[in-house]
Amino acid sequence: MAWLCAVMMLAITSLSAFIRLVNTGVGCTPWPACYGQLGTHATGGQQPGASQAAVATARAAHRVIASSSLVVILALLALALRRRLRQQGRHAAALLVLALFLAGLGAGARSSLLPAVTLGNLLAGLGMLVLSVRLARLPDATDSGTGASPLARWAWVALALAFVQAAFGAMVSSTHAGLSCPTWGVCDLSQASWQALNPWLAPAAGTSASHAGGALMHLLHRAAGLALLGFLAFMAWRAMRLDKPWVAAACVALPALQILLGLGLVAQQLPLGGTWAHNLMAALLLALLAVLTTARR
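Residues 1346 to 1642 in my numbering are what the sequence shown spells out, letter by letter.
This is the structure in structure tokens:
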């Protein structure tokens, strides 16, 4: 049942990302003039990156899966309490708290443009994904098992770095800084401001995706990505020494694909499909690291 919850969390975060990106104006026409101007600021000639039917379907699916996941979470909590599984019970309780937080955030800040709202939605959703995966992997009371793998403690560090990277990515998206660094080696910080790091400061309507004020946030996102890549390369080396080649391959392949997607997004001017895939890849990487935090010898 916990794996079902994990799949539902992946679906919810993916659908939420799709809706958010479309509402922001990613993939809209005429690009880039329409970016950040959809909704109340839209004009007749501006079209979102996806059809209204696609967005409506995504919203409906998001509501249904989110409501169903609450039932699954309550069942997981009841099962853990009945079987007196303390660790599983704590994970299920944390899932319930985050689910209620997201429900309240969605009801109270549905149309908010504040980056803090995007951060709350994304990080809470990814946190629920991580908790679900860990819950599915935790041994039950009858499993004596073996000790934790040496990779597990390194996976916790990588997981923390991945959450920082995801937070920076959410800020890049919500502050319209996706193209503030137009090439890999170019980030003009001459107009950068520390205000770009303020999640309670909403971007002005019509802010361009290439505005120079977002360069600092974009640079931090890239720097965090490189730091995470380096640490995962170290984990891959450790995994090879422990004769776990699939772990090593995953620790190299997923972040490499994520970086290639990021570079492609800038080169292709933020296509909707690629930007959505970038979000999905981040979720899959976090799920992998959640699995590794429970790795056994």
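For glycine and all other residues, C-beta sits at the position ideal for the given N, C-alpha and C.
Helix, strand or coil at residue i according to DSSP, with G and I counted as helix
i: V1371; result: coil
i: T1520; result: coil
i: A1537; result: coil
i: R1642; result: coil
i: A1481; result: helix
i: A1395; result: coil
i: A1493; result: strand
Burial state of residue i (16 or more Cβ within 10 Å)
i: L1519; result: Inspection of the sequence shows that residue 1519 is occupied by Ser rather than by Leu. Buried, by the Cβ-count rule.
i: S1494; result: buried
i: A1505; result: exposed
i: V1318; result: Lying outside 1346 to 1642, the shown extent of the chain, residue 1318 is not represented and no answer is given.
i: M1580; result: buried
i: W1348; result: exposed
i: S1412; result: exposed
i: M1516; result: buried
i: P1393; result: buried
i: W1591; result: exposed
i: R1408; result: exposed
i: W1621; result: buried
i: P1460; result: buried
i: L1633; result: buried
i: V1416; result: exposed
i: L1630; result: buried
i: A1584; result: buried
i: T1463; result: buried
i: W1499; result: buried
i: A1507; result: buried
i: A1444; result: buried
i: L1447; result: buried
i: G1523; result: buried
Unbroken alpha helix (DSSP H) run spanning residue i, endpoints
i: L1445; result: 1431 to 1453
7 Å Cβ cutoff met for residue i and residue j
i: A1640; j: L1496; result: yes
i: Q1433; j: L1483; result: yes
i: M1473; j: M1353; result: no
i: L1564; j: C1596; result: no
i: M1562; j: A1541; result: yes
i: W1545; j: T1638; result: no
i: P1616; j: G1370; result: no
i: A1601; j: Q1510; result: no
i: L1480; j: H1436; result: yes
i: L1534; j: A1503; result: no
i: V1478; j: A1578; result: no
i: G1609; j: G1619; result: yes
i: R1642; j: G1492; result: yes
i: A1403; j: L1360; result: yes
i: L1421; j: M1346; result: yes
Alpha helix (DSSP H) runs contained entirely in the stretch 1554 to 1625, provided each spans 4 or more residues
1560 to 1586, 1590 to 1612
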